[in-house]
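Residue numbers (UniProt numbering): 1 to 287.
Built from N, CA and C at the ideal position, the CB exists for glycine as well.
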Amino acid sequence: AIFTAMASILEKGDEVIYPNPGFPTYETVAGFFGCVLKPVPLLEENSFSFNMKIFRKLFSKRTKMIILNSPSNPTGGVMPQKDLLEIAEAVKNSDCWVMTDEMYSSTLYDNLKYPSFYAFKKIHDKTILVDGFSKTFSMTGWRIGYLSVPERIIDKIDYLLTHLVGCTATFTQYAVLEGLNGPQDSIHKMVREFEKRRNFIVSEMNKIKGVRCQNPQGAFYIFPNIKSFAKSSKWLADYILEKAGVALLDGTSFGKFGEGYLRISYATSMENIAEGIRKMKKALVLL
Numbered sequence: 001a002i003f004t005a006m007a008s009i010l011e012k013g014d015e016v017i018y019p020n021p022g023f024p025t026y027e028t029v030a031g032f033f034g035c036v037l038k039p040v041p042l043l044e045e046n047s048f049s050f051n052m053k054i055f056r057k058l059f060s061k062r063t064k065m066i067i068l069n070s071p072s073n074p075t076g077g078v079m080p081q082k083d084l085l086e087i088a089e090a091v092k093n094s095d096c097w098v099m100t101d102e103m104y105s106s107t108l109y110d111n112l113k114y115p116s117f118y119a120f121k122k123i124h125d126k127t128i129l130v131d132g133f134s135k136t137f138s139m140t141g142w143r144i145g146y147l148s149v150p151e152r153i154i155d156k157i158d159y160l161l162t163h164l165v166g167c168t169a170t171f172t173q174y175a176v177l178e179g180l181n182g183p184q185d186s187i188h189k190m191v192r193e194f195e196k197r198r199n200f201i202v203s204e205m206n207k208i209k210g211v212r213c214q215n216p217q218g219a220f221y222i223f224p225n226i227k228s229f230a231k232s233s234k235w236l237a238d239y240i241l242e243k244a245g246v247a248l249l250d251g252t253s254f255g256k257f258g259e260g261y262l263r264i265s266y267a268t269s270m271e272n273i274a275e276g277i278r279k280m281k282k283a284l285v286l287l
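In structure tokens form, the structure reads like this:
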């Protein structure tokens, strides 16, 4: 969905604004098409939301696409409504498109009401919604998502999808229908359980000397600050894997502004989380 959406719009030399650290496909695809990369840092002191001061400096008449991802992978940050509104106002009278990746929109905490960029109907003619069912219905291996796009680019999208993937497997479509038409209680139950795990893992990570971890507002990742160890994120991720047997990702896997951080998923049992933290503590005290 991300590739076809970007391929239908972008050409060599177009400027693309996107979050960094962010889902690496954004930068990779924009680079593949020879676009000018304009990353906006997601800063810890800003709750890992867009740095709007930098966005204002980067946005110009040459900007062809703005990519949003809220809640964010890898940080779990959620963009506030006021920032989304400012971006909507910026693109309203421009030739710029907005691709809003809302894959984690169902996974929000602390009774937060989801601020969706797609709610701004007046700019639907230049907005692309990327979403799917992998996270909502816990079916990540089924690989089924969707796009909502303006009618004027549907033919391009259809052409690209026909030659890239053909079609989605029938059995996965039926599985999604069951999820959509069935009771939604399990989704709310799953999110409540994720919230418990989030509270636990953040609390325990902050007990580790040298680690600082914010409470994410969405998704199921934490993005702890590990700068005090004076090691690169990649080195520390490899060290934890080797010494503790705990697999996680270095922040730079998601872009240069991810240096000094690690991404840890808590999409597992509370028992596994507790065991993983215990092993990490044991390894980190040796540094």
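task = Express the C-alpha separation of Ala7 and Ile153 in angstroms, rounding to a whole number.
result = Within the sequence shown, the letter at position 153 stands for residue 153. Within the sequence shown, the letter at position 7 stands for residue 7. Looking at the two C-alpha atoms, the distance is approximately 11 Å.
message = Going by C-alpha to C-alpha distance, which of Ser105, Gly31, Lys207, Cys167 sits closest to Asp131?
response = By 1-based counting over the sequence shown, the position of residue 131 is 131. For Asp131, the nearest C-alpha among the options comes from Ser105.
request  = Would you mind stating whether Ala283 and Lys243 have Cβ atoms separated by less than 8 Å?
outcome  = For the purposes of this step, residue 283 is taken as the residue at position 283 of the sequence shown. For the purposes of this step, residue 243 is taken as the residue at position 243 of the sequence shown. Cβ distance < 8 Å, so Ala283 and Lys243 count as in contact.
request  = Report the partner residues of Met99 according to the DSSP bridge assignment.
outcome  = Mapped onto the sequence shown, residue 99 falls at position 99. Its beta-bridge partners are Ile67, Ile128.
ask   = Expressed to the nearest angstrom, what Euclidean distance is found between the alpha-carbon atoms of Ile128 and Leu108?
value = Residue 128 sits at position 128 when you count from the first residue of the sequence shown. Residue 108 sits at position 108 when you count from the first residue of the sequence shown. In a straight line, the C-alpha of Ile128 is about 22 Å away from that of Leu108.
Pairwise C-alpha distance: Ile240 and Glu195 = By one-based count along the sequence shown, residue 195 stands at place 195. By one-based count along the sequence shown, residue 240 stands at place 240. When rounded, the distance between both Cα atoms is 25 Å.
ask   = When the Cα atoms are used, what is the spatial distance from Ala237 to Lys231?
value = As a position in the sequence shown, residue 237 is number 237, starting the count at 1. As a position in the sequence shown, residue 231 is number 231, starting the count at 1. Straight-line Cα distance between these residues: approximately 10 Å.
task = Enumerate in chain order the residues of its own chain whose CB-to-CB distance from Glu44 is below 7 Å, with the five nearest sequence positions on each side excluded.
result = Working through the sequence shown from its first residue, we reach residue 44 at position 44. If the five residues before and after Glu44 are omitted, its C-beta is found closer than 7 Å to the C-beta atoms of Gln214, Asn225, all from its own chain and listed in chain order.
query = Do you know whose CA, among Arg263, Phe23, Ala247, lies nearest Asp101's CA?
reply = As a working mapping, residue 101 is identified with position 101 in the sequence shown. Nearest C-alpha to Asp101: Phe23.
task = Could you tell me which of Ala5, Arg278, Gln217 sits nearest to Asn73, measuring between CA atoms?
result = As a first step, residue 73 is located in the sequence shown; it is residue number 73 there, counting from the start. Out of Ala5, Arg278, Gln217, Gln217 has the C-alpha closest to the C-alpha of Asn73.
Beta-carbon separation (whole angstroms), Phe33 vs Lys12, contact threshold 8 Å = Within the sequence shown, residue 33 is the residue found at index 33, counting from 1. Within the sequence shown, residue 12 is the residue found at index 12, counting from 1. Yes, they are in contact, since the Cβ atoms of Phe33 and Lys12 sit about 6 Å apart, within 8 Å.
request  = Use the C-beta contact count for Ser49: other C-beta atoms within 10 angstroms, 16 or more gives buried, fewer gives exposed.
outcome  = Working through the sequence shown from its first residue, we reach residue 49 at position 49. Buried, since its Cβ has 16 or more Cβ neighbours within 10 Å.
inquiry  = Need the endpoints of the beta strand (DSSP E) that Ser148 sits in, please.
reply    = Here residue 148 refers to the residue found at position 148 when the sequence shown is read from its first residue. Ser148 -> beta strand (DSSP E) spans 145-148.
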